[in-house]
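Heads up: the structure comes next, in structure tokens.
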Amino acid sequence: MSTNKGIQFRKVTTRTFSVMKQKSEKIAALTAYDFITAMLLDRSGIDLLLVGDSLANVFQGNETTLPVTMDEMIYHTKAVTKGVQRAMVITDLPFMSYQLGVDDAFRNAGRIMKETHSGGVKIEGGERVAESVRKITNAGIPVMGHIGLTPQSIHQFGSYRERGASEEEAFEIFRDAKILEEAGAFCLVLEKIPASLARKITENLKIPTIGIGAGVHCDGQILVTPDMLGLNKEFQPRFVRHYANLEEQIVSAISNYIDDIKKAKFPDESESY
Ligand code: KIV
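Just so you know, our numbering puts the end of the sequence shown at 1002, numbered straight through with nothing missing.
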């Protein structure tokens, strides 16, 4: 239990998610990359914050998630955890931090835990990362799996189209879900797969599923925060709902600020010494 100005918060843990699944209580998750946003999301009551490697796209401006490094993930996670009192924080293992093998995955997961106050790590892939998931969880580090459209494999997939549309692909994704659960993952992200497949996986696992573009039957939902806040109107995939239109609001606020400066309307007397 931690306190903030007399208000008591119960910290969200892997156990919380397990209980939420048993009670059919939905899990609300978002991404965060900096202190102030993490603080606001936490105060709003979000259950889980992911320091996603999507920071390579939305924070660094890259085309893919591949360029982000371990040092950068650690830098951003340190900022996020400072802003969070209640939510569970999970950090993505970035591209090439676990693909070399189990020992590398283990060392990098441990580094994240030791240096950032994160609550666990996320790893993309199914059967091929199962041994890493087993070794990391055996060391007491919570692991979130991520299957379906796994953006670190974009060059192998060739496009960001949905995964699991064919019977063969759906079978493979379902199998990967069961393997990850057996390997010790505490929950799974299901990205861009048919809602019917996500439902089948959700109904057949004891651990919660968190969907992004995977329909309403998942145990929870996650979106990339700058996308759902409407910070970039040009990025409008079907699975993103805009809960705000911050692009317009920010551009309007900054235009007003510039205008006031140019007309010598800012600062006024009350804003001067
Ligand atoms: O990196 C990320 O933001 C993610 C979410 C989209 C699940 O992996």
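All C-beta atoms in this analysis are idealised placements derived from N, C-alpha and C, irrespective of residue type, glycine included. Keep in mind it's a predicted model, so treat the numbers as computed, not measured.
Asked, Found
"So who's on the other strand from V787, going by DSSP bridges?", "BP columns for V787 are empty, so no partner."
"Give the secondary structure of D800 by DSSP, where H, G and I count as helix, E and B as strand, and everything else as coil.", "helix"
"Taking the DSSP output, what are the residues bridged to Q950?", "A757, G940"
"Are there 16 or more other CB atoms within 10 angstroms of the CB of R739, so buried, or fewer, so exposed?", "exposed"
"Check the DSSP bridge columns for G874 and list the partner residues they point to.", "I852, L917"
"The beta strand (DSSP E) spanning I819 covers which residue range?", "817–821"
"Mark R970 as exposed unless 16 or more other C-beta atoms lie within 10 angstroms of its C-beta, in which case mark it buried.", "exposed"
"Determine the DSSP secondary structure at M730, reduced to helix, strand or coil.", "Only weak support exists for where M730 lies, its pLDDT of 48 falling under 50; the coordinates are left without a value."
"With three or more C-beta pairs closer than 8 Å as the rule, is the segment 850–857 touching the segment 901–921?", "yes"
"Secondary structure at V780, three-state DSSP: helix, strand or coil?", "strand"
"Does DSSP put H884 in a helix, in a strand, or in coil?", "helix"
"Beta carbon of D1003, beta carbon of A816: below 7 Å?", "Residue coverage of the chain in this structure runs from 730 to 1002, which leaves residue 1003 outside it and unanswerable."
"On a CA-only basis, which of I941, V953, V945, G774 is nearest S925? Give me that one, please.", "V945"
"Assign G959 to one of three DSSP states: helix, strand, or coil.", "coil"
"Please report how far the alpha carbon of A927 lies from the alpha carbon of Y762, in whole angstroms.", "27 Å"
"Hey, could you find the ends of the alpha helix (DSSP H) D833 is sitting in?", "831–845"
"If you follow the alpha helix (DSSP H) that Y986 is in, where does it begin and where does it stop?", "975–991"
"Just how far apart, CA to CA, sit A973 and P955?", "10 Å"
"A906 and A1012 - do their beta-carbons sit closer together than 7 Å?", "Residue 1012 is absent from the model: the chain starts at 730 and stops at 1002."
"Helix, strand or coil for H971 per DSSP?", "coil"
"For M825, does the three-state DSSP call read helix, strand or coil?", "coil"
"Within the continuous alpha helix (DSSP H) that includes R928, where are the two ends?", "924–933"
"On the DSSP letters alone, give me the boundaries of the alpha helix (DSSP H) that D771 sits inside.", "764–772"
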